[in-house]
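Protein chains in written order, with this note's numbering: chain R, -4 to 328; chain W, -4 to 328.
Beta carbons: idealized from backbone N, C-alpha and C, even for Gly.
Working notes, beginning with the structure itself.
Protein chains: 2
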Amino acid sequence: MENKNKYYDIAERIYDLDGEVYECVGSSLGRTFTGDKRTCVDSLVKLMRTKPQGHLLRSELALISNMARTIRKDEDRSRLMRKYDEILKEIAELPAGFGKVEILDENRAKLNTSNLRQKFSKDDHLIICIGRTHGSAGNDIGFALADALRINYYDAEIFNEVLRRLDAEKDSVVDVADLGTNEIENKYQGSGRTLKERLKDFDRYHGLTKEDAIFFNQSDLICKRAKEEDFIVMGRCADVILANNHIPHISIFITAPFEQRVHRVMEVNNLDHKKAERLLKKIDHQHSKYYNFYTGLKWGDAVNYDICFNSASYGIEESVEIIERMLNQHTNA
Amino acid sequence: MENKNKYYDIAERIYDLDGEVYECVGSSLGRTFTGDKRTCVDSLVKLMRTKPQGHLLRSELALISNMARTIRKDEDRSRLMRKYDEILKEIAELPAGFGKVEILDENRAKLNTSNLRQKFSKDDHLIICIGRTHGSAGNDIGFALADALRINYYDAEIFNEVLRRLDAEKDSVVDVADLGTNEIENKYQGSGRTLKERLKDFDRYHGLTKEDAIFFNQSDLICKRAKEEDFIVMGRCADVILANNHIPHISIFITAPFEQRVHRVMEVNNLDHKKAERLLKKIDHQHSKYYNFYTGLKWGDAVNYDICFNSASYGIEESVEIIERMLNQHTNA
Chain R
-4 MENKNKYYDI AERIYDLDGE VYECVGSSLG RTFTGDKRTC VDSLVKLMRT KPQGHLLRSE
56 LALISNMART IRKDEDRSRL MRKYDEILKE IAELPAGFGK VEILDENRAK LNTSNLRQKF
116 SKDDHLIICI GRTHGSAGND IGFALADALR INYYDAEIFN EVLRRLDAEK DSVVDVADLG
176 TNEIENKYQG SGRTLKERLK DFDRYHGLTK EDAIFFNQSD LICKRAKEED FIVMGRCADV
236 ILANNHIPHI SIFITAPFEQ RVHRVMEVNN LDHKKAERLL KKIDHQHSKY YNFYTGLKWG
296 DAVNYDICFN SASYGIEESV EIIERMLNQH TNA
Chain W
-4 MENKNKYYDI AERIYDLDGE VYECVGSSLG RTFTGDKRTC VDSLVKLMRT KPQGHLLRSE
56 LALISNMART IRKDEDRSRL MRKYDEILKE IAELPAGFGK VEILDENRAK LNTSNLRQKF
116 SKDDHLIICI GRTHGSAGND IGFALADALR INYYDAEIFN EVLRRLDAEK DSVVDVADLG
176 TNEIENKYQG SGRTLKERLK DFDRYHGLTK EDAIFFNQSD LICKRAKEED FIVMGRCADV
236 ILANNHIPHI SIFITAPFEQ RVHRVMEVNN LDHKKAERLL KKIDHQHSKY YNFYTGLKWG
296 DAVNYDICFN SASYGIEESV EIIERMLNQH TNA
């Protein structure tokens, strides 16, 4: 059918469907199209042909189907819903049909493990990158998720150990979260280093700052591991590192309202409200600076992750379950 | 067992497990605990008893289990993983065990339909509130999701119609997204009203501004519908309105990177880059102002929603599927 006729055909069927639905509902709320058929059909055709109005046409159709769903008689309801489905399908196939213009970023999707429509090679591993605000229980969720999925869990402390073991680097990775609390074990070097020490470092890291050297060592390790095994990695800008290296993963950011986090930090770290607030702001600020420095992106901004979770809405156990469901890994066993 | 002895018992078992894992792996990477048993056990007990270090203990354990999973011999691997699981379970039961301090906000969770652990009354409906940045295909996703779930879909245009039909209000609800584009049908009143007209409105809406009156009428309608049926509602601050009225729902925010959205708007609205950028910023700003004005909250901030999605990572169809999986409503049929 020629396109112009196609538009008129669909418009007439929409108009007629509205009339039929109205009759079956017998509602006092009236029809969607109250004008004469000619005028309404012309106006529908206009909507269909003009892309910016795609959403108005959608609204008109939703009005009709919302109404059709209230039809009491099963037979009538399914007959009219079938008609509605057919119309919807034909509109979707029009050049200017709504839902036609994709938002999918092929590059992003290709690297997104939780986009199940994308095909991955069997060599790809399940890698879950978790960013989190302090106090949101993001670490607890990550650890419990790794345990549930039976995959490895990496955080700053573990990278520290692994790098130490690999003897590639004797120096520690320090998660800023660790710096905020009073540690009983001071495993790490103090930051008050002398000029001589810093010059020694400069030499040792081939001109890089110690922080940069550690970052690059970690990045290497993350990419290497990603080729060998499934794992969960907390922070470390792993999402951006993996994306830059074209390694599929899913990036999740976990957060919760500030007040909720303050209360959790008060309990976990045994601090008063004021101190907990200060600690939280400090650690968030450091994470933010770190992420921004190494990625050029805004930490915690939803556009930089595949998914953001509010852990206050789910709690630790349910957060684990919802991520499993998303990944289609959840079993009720 | 007395708590102190319990700590020592667990610490010793962790130390021994590390040794056993090391033997089975036969790796050159060394053990997690390299000191003598007494010192290591003492230090583990310290970690267990001091809350702020919960995450360090977790990291030590993760190191051991990461290693244990690499054991080749099935029998050894499952034997040691069983031991690991037992230790983990006992730690979780300690007063200072990690994962002990919840982040769950009972009030939020109670109102969150996608928190499947919470029990809802059978009278509660599935209500999905979707906020979205302009150009993120949020409307397309919402509409397709309503269609997939066979539930009603409400947007500004539909509220307009419904309110008109109910004759409660002759005035239109105008979604700011509509104002940005050149409409072929100008269904709405212009905003350049005379003083006389505005005074008439003032009278008519009992001293409220027209915008406020519309907002309150909509809010009423949303709450009424929420008691009667399942639906998806786009924008309208519906998440906050429902939360304030203690009606369970799920709140989702859909967004995508700015550049991605600009390109989509260019295609949908047939605009050049500069104009698309301007339109997008304007509409986002208006949505943001509207949400902030009526809720006092920051629009698009992940802490104000249950979940945020990056539609560029999923595209329209897969976004629908992932939301269905989250809600446990997805069938492969």
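Give me, in chain order, the residues of the same chain whose beta-carbon lies closer than 7 angstroms to that of residue i; leave out the 5 immediate sequence neighbours on both sides.
i: W:C232; result: Y286, Y289 and T290
i: R:E7; result: V36
i: W:A85; result: The question names Ala, but residue 85 of chain W is Glu in the sequence shown. Around W:E85: I5.
i: W:V20; result: M62, T65 and I66
i: W:E224; result: H120 and N147
i: W:V157; result: L216
i: R:I317; result: Y309
Please state whether DSSP places residue i in a helix, a strand or coil.
i: W:V228; result: strand
i: R:R248; result: The amino acid occupying residue 248 of chain R in the given sequence is Phe; Arg does not appear at that position. Here R:F248 sits in strand by DSSP.
i: R:I136; result: helix
i: W:I122; result: strand
i: R:Y79; result: helix
i: W:N265; result: coil
i: R:N305; result: strand
i: W:V171; result: Here W:V171 scores only 49 on pLDDT, less than 50, and its place in the model should not be relied on; the value that follows carries that caveat. DSSP places W:V171 in helix when its eight states are reduced to three.
i: W:R159; result: helix
i: R:R127; result: strand
i: R:N107; result: strand
i: W:D71; result: helix
i: W:L89; result: coil
i: R:V96; result: coil
i: R:D11; result: helix
i: R:R26; result: coil
i: W:D31; result: coil
i: W:I59; result: helix
i: W:R53; result: helix
i: R:I5; result: helix
i: R:I66; result: coil
i: W:I330; result: Here chain W comprises residues numbered -4 to 328, so residue 330 of chain W is not present and cannot be evaluated.
Leaving aside the five residues before and after residue i along the sequence, list all residues of the same chain whose C-beta is less than 6 angstroms from its C-beta, in chain order.
i: W:Y148; result: F138, A141 and I227
i: R:S306; result: S131, A132, I249, A251 and S314
i: R:R26; result: D13 and Y17
i: R:I329; result: Since the first residue shown for chain R is -4 and the last is 328, residue 329 of chain R is missing from the structure and cannot be characterised.
i: R:D135; result: I311
i: W:N299; result: L292
i: W:S283; result: W294
i: R:I340; result: Because chain R spans -4 through 328 in this model, residue 340 of chain R falls outside it and cannot be assessed.
i: W:S60; result: Y79
i: R:T128; result: T250 and D279
Check for me: the alpha helix (DSSP H) holding residue i runs from which residue to which?
i: R:N239; result: A233 to N239
i: W:T45; result: Looking at the DSSP string, W:T45 is not in any alpha helix (DSSP H), and its letter there is neither H nor E.
i: R:I209; result: K205 to A221
Going by DSSP, what residue range makes up the beta strand (DSSP E) through residue i?
i: R:A148; result: Sequence inspection shows Tyr at residue 148 of chain R; the Ala mentioned does not correspond to that position. That run of the beta strand (DSSP E) goes N147 to Y149.
Please confirm whether any heavy atom of the ligand MN lies closer than 7 angstroms to the CB of residue i.
i: R:E206; result: In terms of ligand content, the structure shown is empty, and the ligand MN therefore cannot be addressed.
Spatial neighbours of residue i within its chain, please: CB distance less than 8 angstroms, with the 5 preceding and 5 following residues excluded, ordered by chain position.
i: R:N239; result: none
i: W:V257; result: G130, H268, A271, E272 and L275
i: R:H244; result: L106, N107, T108, I122, I123, C124, A221, A233, D234, L237 and A238
i: W:L83; result: L56
i: W:T34; result: none
So with Cβ pairs under 8 angstroms, would you call residue i a contact of chain B?
i: R:A143; result: Protein chains in the displayed structure are R and W, and chain B is not among them.
task = Check whether the stretch 97 to 108 of chain R touches the stretch 248 to 259 of chain W, counting contact only when three or more Cβ pairs, one atom from each stretch, lie closer than 8 angstroms.
result = yes
query = If you scan the stretch 270 to 325 of chain W from start to end, which runs of the alpha helix (DSSP H) of 4 or more residues do you find wholly inside it?
reply = Entirely contained in the stretch 270 to 325 of chain W, the alpha helix (DSSP H) runs reaching 4 residues are, in chain order, 306 to 321.
task = Check whether the stretch 269 to 276 of chain W touches the stretch 62 to 82 of chain R, counting contact only when three or more Cβ pairs, one atom from each stretch, lie closer than 8 angstroms.
result = no
request  = Please determine if the stretch 261 to 270 of chain W and the stretch 204 to 219 of chain R are in contact, where contact requires at least 3 C-beta pairs separated by less than 8 angstroms.
outcome  = no
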